[in-house]
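S.K.: Input: one structure, supplied below.
Numbering (my numbering), first residue to last: 19 to 411.
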């Protein structure tokens, strides 16, 4: 299969989760992603227990498919080498703060002026036009600032989702933005500057349903009663827990029959989706009361023929053994030259019914530095000079 981004070269000046996930997805789609690191490497290299220093398991997941060069960008030689790399790229992606990237001479005005076809993507904590522009931002901070922690906490203390969900959700927005800009360039011949701020992105993400009545009325109430219900949770059964989502008229009618309460279908407050949304806590309470009477398997067997969405609650360990995920081969084995066999999730979408081919494992620090500099036009003497000056690892 010809990968969708085959032939696209990306210079990746990102660290931790947000930027690396964006560019890893691009690599999975066929892009040649050159990861530019400091000589100490991305901090994520040392998160978790790996087989060798600097090759932690989360780094291996977030950076597979890329090539690595380690440069001292604080030195003139490092910055000059970086500009040579960018000169041959289709896209430049960074999650550095605006003031920091501009001090390096790698701001959007400078790089897009040098190459009008370059797509410059800035993944930032806060939009550059607002008063928070230079604030540091990590996933926890954005979960707090965006309203997600308050919603997650409900009527109690604010709580974080136990996943770096802000980093990953905004990374997917970043992927959409850079691919849209590359598509526009195919039509116009011009690149340009794309800003993807975490704060604004997660507020937009959250407020899809949470803005609610405030869409129409400045004095209306925010919030979505269905997701706010304390009875919306995985439901205990006789032998485990199930995720159950009864939603449509037909599904609720079938559920009422299933639990021996058919008369509830004629209760006015439950007969329409508007009424059910207003009284959802009562309905979810009914689900919670009913499910302990049967086992997981019994409920799945009863609900599936009725079209009621139902799934057992799985742990991360369970996912690696799940029969559906094995059948679709979501997890693939990738041979790594230093880390052995890696188990990594493939790109989950398909193109023309085919999945993208496996890619190389994550790079060792600076592993491809000489190669990518030669491709950028430097000769061996120039490369050795950078090494001798401590600019290139």
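From the three backbone atoms N, C-alpha and C, an ideal C-beta is built for every residue, glycine too.
#1: By Cβ distance below 6 Å, which residues in the same chain neighbour residue 166 in space, the five residues on each side in sequence not counted?
#2: Can you tell me whether residue 76 is helix, strand or coil according to DSSP?
#3: Per the contact definition of three or more C-beta pairs closer than 8 Å, is the segment 260-276 in contact with the segment 189-199?
#4: Can the beta-carbon of residue 211 be found less than 8 Å from the beta-carbon of residue 126?
#5: Using 10 angstroms around the beta-carbon of residue 325, count the other beta-carbons present and answer buried if the total reaches 16, otherwise exposed.
#6: Can you give me the start and stop residues for the alpha helix (DSSP H) that residue 403 sits inside?
#7: Taking the runs of the alpha helix (DSSP H) that are 4 residues or longer, which of them lie wholly in the segment 97-148?
#8: Grab the span of the alpha helix (DSSP H) containing residue 223 for me, first residue to last.
#9: Does the Cβ of residue 34 have 16 or more other Cβ atoms within 10 Å, making it buried, or fewer, making it exposed?
#10: Report all residues from its chain with a CB closer than 6 Å to the CB of residue 318; omit the five preceding and five following residues, and keep chain order.
#11: Please look up how many angstroms separate the CB atoms of residue 27 and residue 134, rounded, as I've assumed it's under 8 Å.
#12: In the DSSP assignment, find the unbroken alpha helix (DSSP H) run with residue 303 in it and report its ends.
#13: Buried or exposed, going by whether 16 or more other CB atoms sit within 10 Å of the CB of residue 291?
#14: Please report the distance separating the alpha-carbon of residue 242 from that of residue 226.
#15: Assign residue 309 to one of two classes, buried (16 or more other C-beta atoms within 10 Å of its C-beta) or exposed (fewer than that).
#16: Smallest Cα separation from residue 47: which of 351, 369 and 37?
#17: What's the C-alpha gap between residue 149 and residue 216?
#18: Counting C-beta neighbours from all protein chains within 10 Å, is the total for residue 73 16 or more, i.e. buried, or is it exposed?
#19: Using C-beta distances below 7 Å, list every residue in its chain close to residue 282, excluding the 5 sequence neighbours before and after it, in chain order.
#20: Take residue 218 as the anchor and find which of 279, 146 and 173 has the nearest alpha-carbon.
#21: So the candidates are 389, 409, 401 and 396; which of them puts its Cα closest to the Cα of residue 84?
#22: Note the first and the last residue of the continuous beta strand (DSSP E) segment covering residue 41.
#23: How about the segment 247-257 and the segment 295-314: do they share at least three Cβ pairs that are nearer than 8 Å?
#24: With distances taken from CA atoms, which of 56, 75, 55 and 228 is nearest residue 64?
#25: Taking 8 Å as the threshold (C-beta atoms), are residue 97 and residue 59 in contact?
#26: Tell me the DSSP secondary structure of residue 359 in three-state form.
#27: Tell me where the beta strand (DSSP E) around residue 330 begins and ends.
#28: Find out if the Cβ-Cβ distance for the pair residue 164, residue 184 is shorter than 8 Å.
#29: In the structure shown, what three-state DSSP assignment does residue 343 receive?
#30: Nearest to residue 255 by alpha carbon, out of 387, 312 and 137?
#31: Can you tell me whether DSSP reads residue 385 as helix, strand or coil?
#32: Between which two residues does the beta strand (DSSP E) holding residue 171 run?
#33: Which same chain residues end up closer than 8 Å to residue 70 when comparing Cβ atoms and leaving out the 5 residues on each side of it in sequence?
#34: Considering only the alpha carbon of each residue, which of 348, 267, 344 and 360 lies closest to residue 367?
#35: Check each candidate in 197, 153, 105 and 170 and name the one with the smallest Cα separation from residue 45.
#36: If you draw a straight line from the C-alpha of residue 182 to the C-alpha of residue 360, how long is it?
M.R.: Quick look at the numbers:
#1: 224
#2: helix
#3: no
#4: yes
#5: exposed
#6: 398-406
#7: 116-121 and 126-132
#8: 216-228
#9: buried
#10: 328
#11: At roughly 16 Å, the Cβ-Cβ gap does not stay under 8 Å, so residue 27 and residue 134 are not in contact.
#12: 298-308
#13: exposed
#14: 10 Å
#15: buried
#16: 369
#17: 14 Å
#18: buried
#19: 274 and 288
#20: 146
#21: 389
#22: Segment 36-46 is the alpha helix (DSSP H) holding residue 41; no beta strand (DSSP E) there.
#23: yes
#24: 75
#25: no
#26: strand
#27: 328-330
#28: yes
#29: helix
#30: 312
#31: coil
#32: It is not in any beta strand (DSSP E) - residue 171 instead sits in the alpha helix (DSSP H) that spans 166-171.
#33: 356 and 357
#34: 348
#35: 197
#36: 22 Å
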